[in-house]
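Q: Numbering (the working numbering), first residue to last: 3 to 186.
The beta carbon of each residue, even a glycine, is placed where N, CA and C say it ideally should be.
Because the structure is a prediction, the values reported are computed rather than measured.
(1) Pull up the DSSP beta-bridge partners for residue 156, would you.
(2) Looking at the unbroken alpha helix (DSSP H) that takes in residue 85, where does it start and where does it end?
(3) Where do the N-terminal and C-terminal ends of the alpha helix (DSSP H) with residue 167 fall, by residue?
(4) By DSSP's criteria, residue 51 is part of a beta bridge. Which residues make up the other side?
(5) Can you tell me the Cα-Cα spacing of residue 9 and residue 19, whole angstroms?
(6) Are residue 145 and residue 61 closer than 8 Å when you measure CB to CB?
(7) For residue 139, I'd like the list of residues in its chain whose CB is within less than 7 Å of its CB, leaving aside the five on either flank, ordered along the chain.
(8) Can you name, in chain order, every residue of its own chain whose Cβ lies under 7 Å from the Cβ of residue 102, other than the five neighbours on each side?
(9) Could you tell me the alpha carbon to alpha carbon distance between residue 29 and residue 182, rounded to whole angstroms?
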């Protein structure tokens, strides 16, 4: 689904920003369990995504399959010039696609997509993932001009209290209600 208004612009006219269609049912299900309002919904899973919802309408959304923070196996947003150089110097586009969408993120640094193993191997990399995710949550507050009823977080990474503490310390200064939600 294409985003609307200012959120649809990417920086070049040939490429419009879109939301992965597979995210929409999950966003709708989570929002349906909340009171009418303005929320930032955060999926702490793979792919990571954060979306701004204004009274049931999707205002903006980023997913680690294209933009935003890296997650367990997806790269998120990468430095454009460096990525262009790396891909241009390779003749194997399919290998890059696999690396970006299935073998990137935490996995590319630590050869694991287990958060528990990653914390044992190198908590700095996990902290970097939490840092990037927090940046995306703060950025999404801009889409709602800071007028947010709550930040709603869900997903399997929420179960790891060490990771959750890393993330929460970076989003608590937003001074918004933070809801931890179990989504079935």
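A: Result, derived from the coordinates:
(1) 45
(2) 82-90
(3) 163-173
(4) 45, 65
(5) 7 Å
(6) yes
(7) 42, 44, 52, 153, 173
(8) 77
(9) 15 Å
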